[in-house]
Structure formats: structure tokens, C-alpha cells
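Here is the structure we will look at, set down as C-alpha cells.
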Amino acid sequence: MGKYSIWVLDYAAVNKFPQSVMLYGPQYVGVRNLPYAYVLIKGQEQVILVDTGYDHKEYGKYLAELYGVSNWHPASEVLAECGVKPADVTTVLITHAHFDHMGGLDLFPNAKFYIQKREIDKWVWALTLGPEFRFLVGAADPADIVKATRLAREGRMIAVDGDLEDVLPGIDLHLAADTHTYGSMYVTVRNDGARESADAFILAGDLIYTYDNLTGLDSNDPQLVPIGLAVGSQSNLLFTSADMLKAVGGDHKRVIPVHEDRLKSVFPSRATKAGLHVVELALADGETSRVA
Amino acid sequence: MSLADPLARYMCEAEPLHDFLRRGLIQLSGFLLKRTIAGPRAIVDYEPVEAAGQRIREAAEGLGSLRTPMWAAHHQRHMGAALVALESALAAALSTTDRNGDTLFHFIEEAERHLRAVGRATPGFEAVDFRQACCATHAGVAGFEARFAG
Numbered sequence: 019m020g021k022y023s024i025w026v027l028d029y030a031a032v033n034k035f036p037q038s039v040m041l042y043g044p045q046y047v048g049v050r051n052l053p054y055a056y057v058l059i060k061g062q063e064q065v066i067l068v069d070t071g072y073d074h075k076e077y078g079k080y081l082a083e084l085y086g087v088s089n090w091h092p093a094s095e096v097l098a099e100c101g102v103k104p105a106d107v108t109t110v111l112i113t114h115a116h117f118d119h120m121g122g123l124d125l126f127p128n129a130k131f132y133i134q135k136r137e138i139d140k141w142v143w144a145l146t147l148g149p150e151f152r153f154l155v156g157a158a159d160p161a162d163i164v165k166a167t168r169l170a171r172e173g174r175m176i177a178v179d180g181d182l183e184d185v186l187p188g189i190d191l192h193l194a195a196d197t198h199t200y201g202s203m204y205v206t207v208r209n210d211g212a213r214e215s216a217d218a219f220i221l222a223g224d225l226i227y228t229y230d231n232l233t234g235l236d237s238n239d240p241q242l243v244p245i246g247l248a249v250g251s252q253s254n255l256l257f258t259s260a261d262m263l264k265a266v267g268g269d270h271k272r273v274i275p276v277h278e279d280r281l282k283s284v285f286p287s288r289a290t291k292a293g294l295h296v297v298e299l300a301l302a303d304g305e306t307s308r309v310a
Numbered sequence: 474m475s476l477a478d479p480l481a482r483y484m485c486e487a488e489p490l491h492d493f494l495r496r497g498l499i500q501l502s503g504f505l506l507k508r509t510i511a512g513p514r515a516i517v518d519y520e521p522v523e524a525a526g527q528r529i530r531e532a533a534e535g536l537g538s539l540r541t542p543m544w545a546a547h548h549q550r551h552m553g554a555a556l557v558a559l560e561s562a563l564a565a566a567l568s569t570t571d572r573n574g575d576t577l578f579h580f581i582e583e584a585e586r587h588l589r590a591v592g593r594a595t596p597g598f599e600a601v602d603f604r605q606a607c608c609a610t611h612a613g614v615a616g617f618e619a620r621f622a623g
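Just so you know, the protein sequences line up as chains A and B, in that order. Read the first sequence against the working numbering and you will find it ends at 310, with the numbers running on by one and no gaps. Read the second sequence against the working numbering and you will find it ends at 623, with the numbers running on by one and no gaps.
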């Protein structure tokens with residue numbers, strides 16, 4: 019039993035996502051199912067989300083039709099699987115500024131949001147470049163940046179400048195500069211509260227898409243393999259992966275790629291009526307299992 | 474529908490202007506976001522404002538000569554209103570009196586509302602560029618093939 023309960027909650031999926039994007043390497047090697055998910059952390063009188071998902075309004079429908087995103091469900095419905103309402107969320111930790119991770123900024127009316135300062139600074143800088151550089155911006159939805167501005171003006175958007183220990187008790191933030199995005203962040207939950215934790219989980223955002231990024235595809239000859247989509251460097255992705263692995267004593271299953279379809283078979287899980295999955299990474303003292 | 478069709482011609486001519494407006498909005502909002510997060514004592518980087526000013530001027534020039542058929546008037550009206558709001562936002566960003574950003578943010582929100590209305594008025598003018606979404610690389614391949622096939 020740890021201090022926090024931790025669940026990975028699917029909210030949508032891309033059924034045919036190119037493997038070459040998930041795992042740098044040969045092109046045209048097929049597709050995989052790519053769940054869209056966020057992480058719910060509950061305990062210590064806190065309800066924390068790692069990323070927000072996106073809101074399936076206006077551009078969401080356009081997205082679903084154009085890029086194959088399917089089976090989207092709202093946060094109210096997804097969180098209810100764990101007995102939580104969006105208004106209960108106290109803190110949101112944004113791993114990076116892509117729409118499927120921070121496109122739901124206005125869905126959590128009582129939350130404070132944490133994001134890396136570098137992510138915002140470089141996002142805004144990239145927006146000043148010409149359209150020929152739009153690859154650097156990703157899906158920059160004006161609504162997201164306006165929403166972020168509104169939250170900042172309300173004092174609810176907090177920019178973190180680098181690593182930050184104990185943003186909440188036992189929860190650390192780590193900058194992974196110039197990787198998937200300029201200011202990507204991963205989150206460590208030290209679930210025993212110890213500084214040198216023997217019960218840590220790392221919530222990796224999009225720094226890895228799959229466990230294969232940590233192991234390679236040949237179990238007899240393991241290696242780190244970066245994801246195939248970076249505005250920074252593949253080297254930085256590899257060294258970040260190594261750092262994350264080191265922090266969990268080499269147990270790659272504790273470095274959580276939210277887009278990994280196999281999470282549901284690695285940890286206890288259940289399918290919901292909507293065809294989504296609740297994956298239970300840890301259960302705090304006194305908390306009821308949501309997958310039993 | 475060919476480009477001889479007034480509506481088709483309007484849509485082709487209006488699309489880049491919509492993109493100028495969208496980019497101007499993002500840049501001004503980004504400027505205010507950075508300024509707000511950095512706090513009142515931080516040195517302000519005006520590069521996003523300069524970039525936004527350029528986009529807004531390009532949009533203004535284009536909208537001034539846009540040939541608008543009657544059935545696109547609603548669309549064009551929201552484009553014009555977004556431009557006016559962005560011009561006011563630009564002035565506020567350059568002002569020394571709007572220190573807390575209230576005026577700037579007011580006009581940013583107004584411009585966003587009009588751009589959202591533009592997006593609803595005409596499919597293809599959505600206020601987000603999904604072409605570079607991280608989940609959309611396969612669509613990008615399809616787009617590449619479509620552009621260079623044959």
C-alpha cells in the first residue's frame with residue numbers, strides 16, 4: 019500500500035497509429051492501437067491529474083474525422099469510473115503542450131495547473147516563426163493558448179523552471195528539455211514517500227510511447243529506442259529514458275507510457291462499458307480498487 | 474465547383490487571410506501568457522507582438538481587397554470583426570498603460586470568439602491547424618502523396 023492510488027484512464031484512441039512514430043526505425047512497419055489517456059493520482063487529500071486530455075468540441079470532431087481518433091469520452095464520465103468528478107481535481111501536471119495532453123484546460127474549474135516554463139517560452143517563440151516552421155508548433159489551438167493565458171491571469175497556471183521536488187508530498191517534476199517538445203516534463207511519484215524510493219512510478223508523458231522504447235524489440239539484446247517524433251534530439255530522449263529507468267531501479271514497467279496499449283495487461287485493469295480501460299498502478303491505504 | 478464560382482474563389486482567397494488572423498491571435502495571446510507568467514518585473518520580449526503585427530497587417534491588406542459574394546457575407550463579417558479586435562489587441566500590447574493586460578486580454582477573447590464563429594460558418598476554416606498534430610503523422614503522409622502523386 020502506498021500513499022497514493024494511481025490509475026491510468028483511457029479516454030479515446032487512435033486505432034491505427036504508425037509504429038514508426040512510436041518507435042524510431044524503419045517506416046511502413048505497420049500500425050498499433052494508441053490509447054489516449056491521462057493519469058489520476060489520489061491520496062494525501064489531493065486529486066491530481068497528469069494531463070487533461072482534450073475537449074471534443076468544435077475542432078475535436080474535425081480531429082476525429084480527419085485523423086482517426088475514436089471513442090472519445092468526457093472527463094466527467096472517465097473520472098467517474100474512479101468515483102471522481104472534474105470539480106474534485108485539485109492539481110493538474112501538464113507534461114507538454116500538445117492538444118491531447120493540455121486541450122482540456124477549462125474542464126477542471128478548481129484545479130491549479132503546472133507546466134514547464136520552457137514549454138511555454140519555446141511554444142510562444144515557435145509561434146513567431148513563419149508557417150514553414152509549423153512542425154515546431156504542433157497542434158497549436160488558439161483556444162488552448164487563450165485558456166492558458168486566462169488561467170495564468172487567475173493565478174492558476176504555474177510555470178515550473180526546471181526540476182521541482184515535492185510539488186506535492188512525494189511527487190517530483192522533472193524537465194526533459196529538447197526532447198519530444200522543448201519543455202517536456204515527466205512526473206515521479208515516490209509512493210513510499212522516501213527520497214530514495216523503493217516504490218516509485220514515473221509518468222512519462224510522451225517521452226516514451228511504448229515499453230519498447232525502453233527495451234527495444236529484441237529481448238535477447240535490449241536497447242533504448244527513442245520515439246519517432248521529436249522537436250529536440252533523439253539523444254536527449256535516450257538519456258531521459260535512461261534517467262527515468264535509473265529512478266525506478268531499472269524496472270521498466272514502472273516507467274508508464276500512457277499511450278501503451280499493453281498497460282492493461284501489465285497491471286490490474288478492467289474494461290468499461292464504453293470500451294475504455296481503467297488500469298490500476300497502485301492503491302493507497304483505505305482506497306477501494308476500481309478494477310476488482 | 475471551379476474558381477470561376479464566386480464562392481469558391483472567395484474561399485480560396487479568404488483561407489490565407491484566416492490563417493493570418495489565427496496566427497496573430499496565437500502570437501498576441503502567447504505574448505500575454507509569457508508576460509503574465511514572468512511577472513511584472515520581468516523583461517518583456519516583444520518578438521511575438523512584432524510577428525503578430527505583421528500577420529495582422531497582411532490580413533488587413535487582404536481583407537480590404539477580398540471580393541465577397543453575398544452568401545459569404547456572414548463569414549466575411551466575422552473575419553472583419555476579428556481583424557478589428559486584433560488591431561485593438563495589438564495597440565494594447567504596445568501600450569504602456571495596459572500594465573496588467575486587461576485590455577489586451579479583452580480583445581484577445583473577442584478576436585477568438587469571432588474566429589470560432591468563422592470556423593463554424595465554413596468548414597475548412599477551423600481555428601486549429603491539425604496538420605502537424607503528433608497524432609496525425611499518417612494523415613501527413615497521405616497529404617504528401619496527394620501533393621506529389623502523378
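Yeah, the Cβ is synthetic: ideal placement off N, Cα and C, and Gly gets one too. This structure is a prediction, so every number in the text was calculated from the model and none was measured.
- Query: Given a threshold of 16 other Cβ atoms within 10 Å of its Cβ, counted over all protein chains shown, does A/N209 qualify as buried or as exposed?
  - Reply: That one is buried.
- Message: Quick check on this structure: which residue in A/C100, A/V96, A/R308 and A/F131 has the alpha carbon closest to the alpha carbon of A/V110?
- Response: The shortest Cα separation from A/V110 among A/C100, A/V96, A/R308 and A/F131 belongs to A/F131.
- Report the partner residues of A/H295 according to the DSSP bridge assignment. Under DSSP, A/H295 shares a beta bridge with A/A289.
- Does the segment 143-153 of chain A come within contact of the segment 119-130 of chain A, defined as at least 3 CB pairs closer than 8 Å? Contact fails between the segment 143-153 of chain A and the segment 119-130 of chain A, because fewer than three Cβ pairs, one in each stretch, are under 8 Å apart.
- For A/T199 versus A/H114, is the C-beta distance shorter than 8 Å? A contact, by the Cβ cut-off of 8 Å.
- Neighbouring residues, chain B, relative to A/W141 (Cβ below 8 Å): G503, listed in chain order.
- Is the CB-CB distance between A/Y313 and A/D73 below 8 Å? As displayed, chain A neither begins before 19 nor continues past 310, which places residue 313 of chain A out of reach and without an answer.
- Message: Using a Cβ-Cβ distance cut-off of 8 Å, determine whether B/E583 contacts chain A.
- Response: By this cut-off, B/E583 is not an interface position.
- Query: Taking contact to mean at least 3 C-beta pairs separated by less than 8 Å, is the segment 163-170 of chain A in contact with the segment 503-521 of chain B?
  - Reply: Contact between the segment 163-170 of chain A and the segment 503-521 of chain B is present: three or more C-beta pairs spanning the two stretches fall below 8 Å.
- Message: Please report whether the beta-carbon of B/Q500 lies at a distance below 8 Å from any beta-carbon of chain A.
- Response: Output row for B/Q500: interface = yes.
- Contact list for B/T509 against chain A, beta-carbon separation under 7 Å: The contacting residues are T167, A170 and R171.
- Residues bridged to A/H192 [DSSP beta-bridge criterion]: Per DSSP, the beta bridge partners of A/H192 are A/Y204.
- Task: Check whether the segment 26-33 of chain A touches the segment 44-58 of chain A, taking contact to mean three or more Cβ pairs, one atom from each stretch, closer than 8 Å.
- Result: Yes: at least three Cβ pairs fall under 8 Å.
- Item | Other residues of its chain near A/G211: CB distance less than 6 Å, five sequence neighbours each side excluded | The answer, listed in chain order, is K21 and G188.
- Message: Between which residues of its own chain and A/Y46 is the CB-CB distance below 8 Å, once the five residues before and five after are set aside?
- Response: Cβ within range, chain order: S38.
- For A/T109, the three-state DSSP class (helix, strand or coil): Three-state DSSP puts A/T109 in a strand.
- Touch test, the segment 293-301 of chain A against the segment 237-254 of chain A, Cβ-Cβ under 8 Å, three pairs minimum: Contact annotation: the segment 293-301 of chain A does not touch the segment 237-254 of chain A, with fewer than three C-beta pairs closer than 8 Å.
- Query: Name the chain A residues that come within less than 9 Å of B/P521, Cβ to Cβ?
  - Reply: Within 9 Å Cβ-Cβ: V142, W143, L145 and T146.
- Message: Residues of chain A with CB closer than 8 Å to the CB of B/G574, please, in chain order.
- Response: Result: R171.
- Message: At the 8 Å Cβ level, is B/F580 part of the contact set with chain A, yes or no?
- Response: So no, B/F580 is outside the interface.
- Task: Determine the contact status of A/Y227 and A/E278, defining contact as a CB-CB distance below 8 Å.
- Result: Against a cut-off of 8 Å, the Cβ pair of A/E278 and A/Y227 comes out as a contact.
- When the distance is taken between beta carbons, is A/Y229 closer than 8 Å to A/P275? Yes, the pair counts as a contact, with Cβ atoms nearer than the cut-off.
- Query: Between B/A524 and chain A, is there a C-beta pair that is closer than 8 Å?
  - Reply: So yes, B/A524 belongs to the interface.
- Task: List the residues of chain A whose Cβ lies closer than 7 Å to the Cβ of B/L506, in chain order.
- Result: Correct list: I138, V142, I163, A166, T167 and A170.
- Task: Would you tell me roughly how many angstroms separate the C-alpha atoms of B/A566 and B/N573, rounded to the nearest one?
- Result: In a straight line, the C-alpha of B/A566 is about 10 Å away from that of B/N573.
- N-terminal and C-terminal residue of the alpha helix (DSSP H) that B/Y483 is part of: P479 to A511 is the extent of the alpha helix (DSSP H) around B/Y483.
- Message: Which residues in chain B have a C-beta closer than 9 Å to the C-beta of A/M175? List them in chain order.
- Response: Under the 9 Å cutoff, chain B gives L506, T509 and I510.
- Item | Contact with chain B by A/K135, beta-carbon distance below 8 Å | For A/K135, the answer is yes, since a Cβ of chain B falls inside 8 Å of its Cβ.
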